[in-house]
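Worksheet: the structure to be examined is printed underneath.
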Amino acid sequence: MPTSETSVESLIQSLVKSVRAIQIYGLSHPSAKGFYTRFYHQLSGFLSEDAELTLQIEQSSILCNGETVYHEDEKDNNLAFRLFRDGIRTILFSEGITFDELLLFLETVGTAGKDQDIALGLWDCYFDHIEFYVVEEEEQEAQYGPPKMIKMNIDYDQKLKEILEKERIRLDKNIDLELSDDEINELKAEMLIKQKIRPVTRAITTLIDFLHYQKSDDIIKSLIELLEECVVNGLFYDARRIVHKLNQYPDVDAVKRFENEETIIGFSNTVNTASEPVFNEFVAFAGFFSKKSVPFLIRLLGAVKHPNRAIALRNRIASICDQDLELLRPLLSNQDADVLINTIGIIGLSRSQEIPSMLEPLCSHPNHKIRVAVVSALAQCEDTPRITQFIDDPHPDVRIKALGVLSEIGYTRIYMKVLDRIKQKKFRSLELVEQKEYFNYLLHNGGKFLVNDLKKILFKRTFFRGKDYSPLRKLAALSLARVNSKDARQVLLAGIGRRNRDIRQACEQALKKT
Amino acid sequence: MSTYESGTTFVSLFYALIKAAQVYDLGNDVVQHGAQRFVHFLNTLLNLYSHIEIIRYRDYIFFNKQRLRFQIDGYASLQFLHERMKHLKIRNLVFKPGVEKEEIIIFASLFKDEDSFLKEYDRKKFHHVCVEFSTGDEEIPEFLRDSERIKRTYFKALAVTKNLLQNLWTRQPANVSSSRRIVYNLIDSLSHDEFGLLALTTIKNFDEYTYNHSLNVGVFSLALGQRIGLSKKDLAQVGTAGLLHDIGKVSIDKDIIYKDGKLTENEWEAVKLHSQFGVEQILQTRGLDETGLVSMAVCYQHHWNVDGTGYPRRKGTEKPFLFSKIVRICDSYDAMTTARVYQPIPYLPHIALRVLWQLRHICFDPVLVKVFIQLSGLYPLGSCLEMSTGDVALVLRQNPGHFSLPIVKIVLDKNQGPIEGPTIDLSVDKHVYIKKPVYPQKYDINPAEFFMKSPAGDSEVKIA
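Residue numbers (my numbering), protein chains in the order written: chain A, 61 to 574; chain B, -12 to 451.
What follows is the structure, encoded as structure tokens:
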């Protein structure tokens, strides 16, 4: 490890080579990397023995302990001269310096342009293990002599008395300057608050407060600049505050700059990866967008992966549309299924009576997901006759959706039809999930005959034990359990005494759930 | 661990050991354990450094040439060590490799009182701990000869401030990087010699009030920020904010700013707008960088009181934030103590401090007021004092821990004749005490002139 003067010399050679390599090749070039990595290891080794390395900077030389360890007469590419010119006279590296810290130092020195102040650049880095001593030019001092003292022809002691009286000050009153633990904690808490609140947040508050008293184009311009910064950095709460304020000025359109496809689609990352509060703030911020942003927002909605977030954003888009369905009509011919589904969803949220006619062409769309979306939208305006058509749809998802919404709406007109279907043999070939939806419908729409109808399904005689009928008994029993009336429970209790094992088991399981 | 961190840890461990040795028998576990911890840490340091040197120079303690600052954390231990070293007339302590627990316990036990230290130190013959005593003439350590640098920094800062404000006044482009550079340089100067820089704030140029005031508020804000332990980045922000706090005045009619006489109600309302104008000025000069944003908020809030009053009127219940409260105190203090057109006779510094004290909880943050008075002492630098002896003195430096007993320099004798009098540490010399503070004008004394010769009386330190 280097400890002697000559090794400091080699250390400085390494420093100079690193700076030059960064100047010529840039920070990420392998040659530069090789130089500065080697320099870091050399310096760390040195500091682990000597704790500190202090370099004195002169116009053409760098010295360590009074010995010249670098000298260059040429001013171009002269590290000593560059540092000296900007007033740097001493640089001290101390033990504990990190690779990143050293890299930042080398980058600052290496990439500073001829007009840039290296001292300022280094100060801006706030190093922990690199200190430097900077001097200022001397010329200014000469302009200043000691200021003259103005002596007036008055009684100064009397003046002092007057001030004491005016301020009601008693000089004999003790001033306790000891800081109590509470006061220290108070101060520390205040310092923590200062760190928590971003300068930009505080500045926005200031500027908004300013505008409260006086309109200023400069302030508005700055707020618009800050708005852009907030949006880029995901500070949507602050962004919202700015837009909220600027919306008071009809001649200012603060969000216009964001209402383009590129910017809005650029939020794809935000809507999926941002934390819940940031996402919610984003959705709230989007509320300031105008209708012209809707097509882009609908495309963005297609990129949202989390279902709850999609719902939140869809609701927000619907509120931006503000019942204006004509805005959405062109999107209904969009080829992108996600766009189409989200558009239908937003149309549904309008609950307009125009929905059925708007969506009519899509009722037979080849993509069953589109048809599911149509059913959902029709449900919003409770167009039950149209929804009923979908219980015969070729795709189970559509049928299930249709039955589901009819259950929720409470549409009793097809009760008998549904009951008949359950009784039909082909019902047994349906997927369990669809069967469940049928029973669910009965539960929601059955009147005083419901228990009896379920009882009949539960106790139906079958040949050869009717193994494929077993699930229906279970669903009927479970439905009775959900009804949970006295009659329903009696039916289930009676079922326990039945010889048929399927009936017994179905009733036993159902009773456990009552 | 940086040199500074090593220094503060070293001092706190040494302090704990001395305290334990004062209270318990030397064989007691508390002493033994304290010594073990200290020696362990010392040996760790001695693997890095050839020796450890603690220097007391004036009111400072240096650990291997690194000045340790009086901050809230570790204040007691540093103050104790400073007091003890001063009391025992120790100039420096050197710890060499090979220190053992037994040796350090005996050494620590000597710190009880002056007599035992002086007698026992010679008798015990310590091999790995050396003490150098003060001879009376405190020679400035080589690494501290930077008062010239401080002066140069201050005047450069003044020139830059003047240039900045003048350019804004005449609507010319302002050099922002110069003001950034001087704030950093002031921070460095302050960390080297807090009092040296603060002494220069006694320069209060009547004709150039705005420039001097802006700079002084910047310097005071930095010093107060440093006292409460702000990071360098925060210091740069609060210093810049202090420097720019009154920048909005350039948007107000000069005739109002420099009006010789009482302002009318309308004129006063116009002056009050400077907080708002300042926001616009900062936006134009600094743009929207982080320091600019902070300065802007401070500029807007620097006349907000902690009780919710002040101007500009607040829309909601927002409170001034830490930096605004710092600048609020520094601004008020410097404004009170400076002669201006409409205040030809300023408040004496100690009166201004009393006003701050009275108005804590109303206008000013009470904790920050305490720290500010701790920083300046009850008789701030440059205060002119009539002494019990009939002499007239100037406050040269503060005494940490003795806020009402500064170090003073006799400048006039009993007959009011100018003399090159002695420097007296009032915490040591109990025969002399302050009779009352007076206006320096009464005796034709110009404190600024005195400090211009040497900040905080650098070359004058000869403790009587």
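For each residue, glycine too, the CB sits at the ideal point set by N, CA and C.
- Non-local C-beta neighbours of Ser530 of chain A in its own chain, meaning closer than 7 Å and more than five positions away in sequence, comprise Asp562, ordered along the chain.
- For His272 of chain A, the C-beta contacts it makes with chain B under 7 Å involve Lys302, in order along the chain.
- DSSP places Tyr329 of chain B in the coil class of the three-state scheme, outside both helix and strand.
- Here DSSP, grouped into helix, strand and coil, assigns Phe310 of chain B to helix.
- For Val116 of chain B, the three-state secondary structure derived from DSSP is strand.
- Note on geometry: alpha-carbon atoms of Arg258 of chain A and Gln224 of chain B lie some 13 Å from one another.
- Here Glu69 of chain A carries a helix assignment [DSSP, helix/strand/coil].
- If you check each beta-carbon in the segment 325 to 343 of chain B against every beta-carbon of chain A, the ones closer than 9 Å belong to Ala326, Pro331, Ile332, Tyr334, Leu335, His337, Ile338, Leu340, Arg341, Val342.
- Between Ser176 of chain B and Ile313 of chain B, the alpha-carbon positions lie close to 20 Å from each other.
- Between Glu497 of chain A and Ser467 of chain A, the C-beta gap is smaller than 9 Å, which places the two residues in contact.
- Three or more Cβ pairs closer than 8 Å define a contact, and the segment 184 to 197 of chain B falls short of that threshold against the segment 182 to 198 of chain A.
- Beta-bridge partners of Pro405 of chain B (DSSP): B:Leu399.
- Beta-bridge partners of Arg301 of chain B (DSSP): none assigned.
- For Ala263 of chain A, the nearest beta carbon of chain B is closer than 9 Å to its own beta carbon.
- Counting C-beta atoms within 10 angstroms of its own C-beta, Glu109 of chain A has fewer than 16 neighbours from the protein chains shown and is therefore classed as exposed.
- At a Cβ-Cβ threshold of 9 Å, Arg262 of chain A and Phe308 of chain B count as neighbours.
- Closest in alpha carbon position to Arg317 of chain A, among A:Val343, A:Asn340, A:Asp311, A:Phe349, is A:Phe349.
- Interface criterion met: the Cβ of Val266 of chain B is under 9 Å from a Cβ in chain A.
- For Gln153 of chain B, there are no neighbours in chain A by C-beta distance under 9 Å, as the nearest C-beta there is about 13 Å away.
- For Phe182 of chain B, the enclosing alpha helix (DSSP H) begins and ends at 181 to 186.
- Between Ala378 of chain A and Ala346 of chain A, the alpha-carbon positions lie close to 11 Å from each other.
- Spatial neighbours of Gly170 of chain A in its own chain (CB-CB distance under 6 Å, excluding positions within 5 residues in sequence) are listed in chain order as Val79, Ile82, Gln83.
- In this structure, Ile92 of chain B and Ala22 of chain B form a Cβ contact; the two beta carbons are roughly 5 Å apart against a cut-off of 8 Å.
- Secondary structure note for Pro424 of chain B: it is in no alpha helix (DSSP H), and the uninterrupted beta strand (DSSP E) holding it is 421 to 425.
- With a contact defined as Cβ atoms closer than 8 Å, Leu143 of chain A and Ile117 of chain A qualify at about 5 Å.
- When DSSP reads this structure, Ser121 of chain A sits in a beta bridge with A:His131.
- Between Cys290 of chain A and Asp277 of chain A, the gap from beta carbon to beta carbon reaches 9 Å or more.
- In the structure shown, Ala334 of chain A falls within a coil segment according to DSSP collapsed to helix, strand and coil.
- Residue contact with chain B for Ala111 of chain A: present (Cβ-Cβ distance below 9 Å to some residue of chain B).
- For Thr188 of chain B, the nearest beta carbon of chain A is not closer than 9 Å to its own beta carbon.
- Among the CB atoms of chain B, one or more fall inside 9 Å of the CB of Asp269 of chain A.
- Spatial neighbours of Ile380 of chain A in its own chain (CB-CB distance under 8 Å, excluding positions within 5 residues in sequence) are listed in chain order as Ala346, Gly347, Phe349, Ser350, Lys351, Ser353, Val354, Leu357.
- Under DSSP, Asn402 of chain A forms no beta bridge with any residue.
- Those residues of the segment 169 to 192 of chain A placed with their C-beta closer than 7 Å to a C-beta in chain B are Asp177, Ala179, Leu180, Trp183, Tyr186, Asp188, His189, ordered along the chain.
- Beta-carbon to beta-carbon, Val116 of chain B and Glu90 of chain B are separated by about 7 Å, close enough to satisfy the 8 Å threshold.
- Judged by beta-carbon spacing, Glu112 of chain A lies within the 9 Å limit of Glu155 of chain A, meaning their Cβ atoms are closer than that value.
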